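Below is one structure, written out as structure tokens, with a few remarks after it.
Number of protein chains: 2
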Amino acid sequence: MMKKTRNKIDLVAFDLDDCLFDSTGLSRRARIKGIEAMLKLGLKIDRERAIRILMEIVDEYGSNFSKHYNYFIRRLNQVYEDFDISFNMKYKFISAAVMAYHKEKIESIKLYDDVIPILKDLKEKDIKTAIITDGIPIKQWEKILRLDLDPLIGLVIISDQIGVRKPNPWLFEFCLNEVGVKGEEAIYIGDRIERDIVPANKNHIYSVYIHRGGKYDTYTKRDNLRKYETPNFEIESLDELSNIIDTINKNRE
Amino acid sequence: MMKKTRNKIDLVAFDLDDCLFDSTGLSRRARIKGIEAMLKLGLKIDRERAIRILMEIVDEYGSNFSKHYNYFIRRLNQVYEDFDISFNMKYKFISAAVMAYHKEKIESIKLYDDVIPILKDLKEKDIKTAIITDGIPIKQWEKILRLDLDPLIGLVIISDQIGVRKPNPWLFEFCLNEVGVKGEEAIYIGDRIERDIVPANKNHIYSVYIHRGGKYDTYTKRDNLRKYETPNFEIESLDELSNIIDTINKNRE
Numbered sequence: 002m003m004k005k006t007r008n009k010i011d012l013v014a015f016d017l018d019d020c021l022f023d024s025t026g027l028s029r030r031a032r033i034k035g036i037e038a039m040l041k042l043g044l045k046i047d048r049e050r051a052i053r054i055l056m057e058i059v060d061e062y063g064s065n066f067s068k069h070y071n072y073f074i075r076r077l078n079q080v081y082e083d084f085d086i087s088f089n090m091k092y093k094f095i096s097a098a099v100m101a102y103h104k105e106k107i108e109s110i111k112l113y114d115d116v117i118p119i120l121k122d123l124k125e126k127d128i129k130t131a132i133i134t135d136g137i138p139i140k141q142w143e144k145i146l147r148l149d150l151d152p153l154i155g156l157v158i159i160s161d162q163i164g165v166r167k168p169n170p171w172l173f174e175f176c177l178n179e180v181g182v183k184g185e186e187a188i189y190i191g192d193r194i195e196r197d198i199v200p201a202n203k204n205h206i207y208s209v210y211i212h213r214g215g216k217y218d219t220y221t222k223r224d225n226l227r228k229y230e231t232p233n234f235e236i237e238s239l240d241e242l243s244n245i246i247d248t249i250n251k252n253r254e
Numbered sequence: 002m003m004k005k006t007r008n009k010i011d012l013v014a015f016d017l018d019d020c021l022f023d024s025t026g027l028s029r030r031a032r033i034k035g036i037e038a039m040l041k042l043g044l045k046i047d048r049e050r051a052i053r054i055l056m057e058i059v060d061e062y063g064s065n066f067s068k069h070y071n072y073f074i075r076r077l078n079q080v081y082e083d084f085d086i087s088f089n090m091k092y093k094f095i096s097a098a099v100m101a102y103h104k105e106k107i108e109s110i111k112l113y114d115d116v117i118p119i120l121k122d123l124k125e126k127d128i129k130t131a132i133i134t135d136g137i138p139i140k141q142w143e144k145i146l147r148l149d150l151d152p153l154i155g156l157v158i159i160s161d162q163i164g165v166r167k168p169n170p171w172l173f174e175f176c177l178n179e180v181g182v183k184g185e186e187a188i189y190i191g192d193r194i195e196r197d198i199v200p201a202n203k204n205h206i207y208s209v210y211i212h213r214g215g216k217y218d219t220y221t222k223r224d225n226l227r228k229y230e231t232p233n234f235e236i237e238s239l240d241e242l243s244n245i246i247d248t249i250n251k252n253r254e
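Just so you know, the sequences run in chain order A and B. 2 is the number of the first residue of the first sequence in the numbering used here; add one for each residue after it. 2 is the number of the first residue of the second sequence in the numbering used here; add one for each residue after it.
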């Protein structure tokens, strides 16, 4: 009689931004569309200079700040001697920029090419799926709905919905409890060492570091972090996940 | 030698919402689209009952409140015994509702049919145009840009941009000063007695009350107000404006 193979991995959980879609790239493209909309309405500034100033503001105030374009116009008026944008033009510019930004965000969001194949593969193998992500619940759900991920993912955990943010390992424990699996029966894939790999490791979840996105990690920073925190696996594409699952399950037979 | 006709009317200024486009109707349709999006995702509630509850919330918290759908779900859970929407479904519903609401607002905004003809007519007559509107500057500019009104209107005055709100007559004086005309050389058209007609009259601007929209005025309330504040003209359509201008100019000859 053949020995029954125990399927060790019961859950594969993913980070959302920069793991399932190019969040950083999309935001950057959308921000540039906003600049271009202002140029089109007559704002007199060199395109590259405008992008540089806007990106400074995004860095300083954070990517979730809601007034990047207001501050952009304010900064032109206050800091640079060659600008004097009237208050009437100001709001026209800001409004056009915000409209163009949202249009790009809505129309251009798309999954990385390797997402649908791996989700289908996991479904065939009867492995549960989840998303664990930071962010504002309504904004994160908007992304999930626009990406048509809702029918493909079993459970969505958004940190601000629970009141626990990465890298707090309890967020990952919460997910394990909800699904009803142990850490060693789960895999988590993310693009940031400190926010994804550290809390996965603390819960004895198999941690998979995917080399893309990189909103906060520089390669140098990654290397420094890796000195004291090592992911169990490193991948370039989600296509590599199937092999990882097979490897883990085989060692368990 | 013929006597030169002095063109008395130099400026025609318009209210925006419910004067140039069906703002109240658009908002109502968009809010219903939000309800329908939640029903489509599986919210179990009678459509008419859901609309009634949402409109109560809009009444109570005002139309510019940003959390109508959050409060809708919260109210279902807290007030009605037959609902128990999990926090995960909650944010999915809210997000889908907000997306559908904005989609409708973006895609369905359109000018009343009589707007373009009168603006063309005014341009031919070399009469200046303006919009004087309450509201959040970026939101009002978004409407103006989406309606393609920007190239057709000379001056846009948004109250929150100046820090003076209707019915403060100084807002209308500000407009007259910007354009450089006197009150008796101007016409203002709006759909609300207390916010449009009263401040126009105080500035000796020819006030034109248009019978549409009616976000705040009930007919009864209008009649009460008319007891102490009378518009110079009342119209059903902007088509009637040309005759009004002719009448005023003729009396001036």
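Cβ coordinates follow ideal geometry from the N, Cα and C atoms, glycine included. Computed from a predicted model, the values in this text were never measured in an experiment.
Of the listed residues the options, nearest to residue i (C-alpha basis)
{"i": "lysine 140 of chain A", "options": "A:Tyr189, A:Ser64, A:Leu120, A:Val165", "result": "A:Ser64"}
{"i": "glycine 191 of chain A", "options": "A:Leu146, A:Ser238, A:Ile145", "result": "A:Ser238"}
{"i": "serine 109 of chain B", "options": "B:Ile95, B:Gly26, B:Asn178, B:Ala187", "result": "B:Gly26"}
{"i": "isoleucine 206 of chain B", "options": "B:His212, B:Arg213, B:Phe175", "result": "B:Phe175"}
{"i": "phenylalanine 73 of chain A", "options": "A:Asp23, A:Gly35, A:Lys106", "result": "A:Gly35"}
{"i": "alanine 51 of chain B", "options": "B:Ala131, B:Ile33, B:Asp122, B:Trp142", "result": "B:Ile33"}
{"i": "isoleucine 158 of chain A", "options": "A:Leu17, A:Ile10, A:Asp11", "result": "A:Leu17"}
{"i": "isoleucine 46 of chain B", "options": "B:Leu77, B:Asn71, B:Lys124, B:Ser24", "result": "B:Leu77"}
{"i": "isoleucine 236 of chain A", "options": "A:Arg193, A:Lys167, A:Leu12", "result": "A:Arg193"}
{"i": "isoleucine 154 of chain B", "options": "B:Glu105, B:Ile117, B:Asn71, B:Glu195", "result": "B:Ile117"}
{"i": "asparagine 233 of chain B", "options": "B:Val199, B:Arg253, B:Asp240, B:Lys251", "result": "B:Val199"}
{"i": "arginine 166 of chain A", "options": "A:Ala187, A:Ile137, A:Glu143", "result": "A:Ile137"}
{"i": "alanine 180 of chain A", "options": "A:Ile132, A:Lys144, A:Asp197", "result": "According to the sequence as given, residue 180 of chain A is valine; it is not alanine. With distances taken between Cα atoms, valine 180 of chain A lies closest to A:Ile132."}
{"i": "glutamate 49 of chain A", "options": "A:Glu125, A:Glu37, A:Asp197", "result": "A:Glu37"}
{"i": "leucine 120 of chain A", "options": "A:Glu105, A:Ala98, A:Glu61, A:Asp149", "result": "A:Asp149"}
{"i": "methionine 100 of chain B", "options": "A:Arg147, A:Asp23, A:Lys183", "result": "A:Arg147"}
{"i": "aspartate 19 of chain A", "options": "A:Thr248, A:Ile211, A:Lys251", "result": "A:Ile211"}
Bridge-paired residues (DSSP) for residue i
{"i": "leucine 235 of chain A", "result": "Strictly speaking, residue 235 of chain A in this sequence is glutamate, with leucine absent from that position. Partner(s): A:Tyr210."}
{"i": "alanine 14 of chain B", "result": "B:Ala131, B:Tyr189"}
9 Å Cβ cutoff, residue i in contact with chain B
{"i": "lysine 251 of chain A", "result": "no"}
{"i": "valine 180 of chain A", "result": "no"}
{"i": "arginine 263 of chain A", "result": "Nothing can be reported for residue 263 of chain A: it is not among the residues displayed for chain A, which extend from 2 to 254."}
{"i": "alanine 131 of chain A", "result": "no"}
{"i": "valine 157 of chain A", "result": "yes"}
{"i": "phenylalanine 22 of chain A", "result": "no"}
{"i": "tyrosine 92 of chain A", "result": "yes"}
{"i": "methionine 100 of chain A", "result": "yes"}
{"i": "alanine 97 of chain A", "result": "yes"}
{"i": "aspartate 151 of chain A", "result": "yes"}
Min CB distance residue i to chain A below 9 Å
{"i": "tryptophan 171 of chain B", "result": "no"}
{"i": "glutamine 79 of chain B", "result": "no"}
{"i": "aspartate 135 of chain B", "result": "no"}
{"i": "threonine 221 of chain B", "result": "Caution is warranted here: a pLDDT of 49 is assigned to threonine 221 of chain B, below 50, making its placement in the model unreliable, and no coordinate value can be reported."}
{"i": "proline 118 of chain B", "result": "no"}
{"i": "proline 168 of chain B", "result": "no"}
{"i": "glutamate 143 of chain B", "result": "yes"}
{"i": "asparagine 89 of chain B", "result": "yes"}
{"i": "lysine 9 of chain B", "result": "no"}
{"i": "lysine 140 of chain B", "result": "yes"}
{"i": "tyrosine 217 of chain B", "result": "Confidence at tyrosine 217 of chain B is low in this model, with a pLDDT of 48, below 50, so its placement is unreliable and the value that follows should be read with caution. Chain A, which has no Cβ nearer than 9 Å to the Cβ of tyrosine 217 of chain B, makes this no."}
{"i": "serine 64 of chain B", "result": "no"}
{"i": "aspartate 85 of chain B", "result": "no"}
{"i": "alanine 31 of chain B", "result": "no"}
Exposure label - residue i; buried when at least 16 CB within 10 Å
{"i": "proline 152 of chain B", "result": "exposed"}
{"i": "histidine 69 of chain B", "result": "buried"}
{"i": "valine 80 of chain A", "result": "exposed"}
{"i": "threonine 221 of chain A", "result": "With a pLDDT of 49 at threonine 221 of chain A, under the threshold of 50, the modelled position of this residue cannot be trusted, and the question is left open."}
{"i": "threonine 134 of chain A", "result": "buried"}
{"i": "serine 87 of chain B", "result": "exposed"}
{"i": "tyrosine 189 of chain A", "result": "buried"}
{"i": "glycine 164 of chain A", "result": "exposed"}
{"i": "tyrosine 102 of chain A", "result": "buried"}
{"i": "phenylalanine 94 of chain A", "result": "buried"}
{"i": "glutamate 105 of chain B", "result": "buried"}
{"i": "asparagine 252 of chain A", "result": "exposed"}
* To do: Return the chain-ordered ranges of every beta strand (DSSP E) run that is complete within the stretch 36–119 of chain A and spans a minimum of 3 residues.
  => Counting whole runs of 3 or more residues, the stretch 36–119 of chain A contains no beta strand (DSSP E) stretch at all.
* **Contained beta strand (DSSP E) runs [length at least 3] in the stretch 122–204 of chain A, N- to C-terminal order** => Whole beta strand (DSSP E) segments, 3+ residues: 129–134, 156–159, 187–191.
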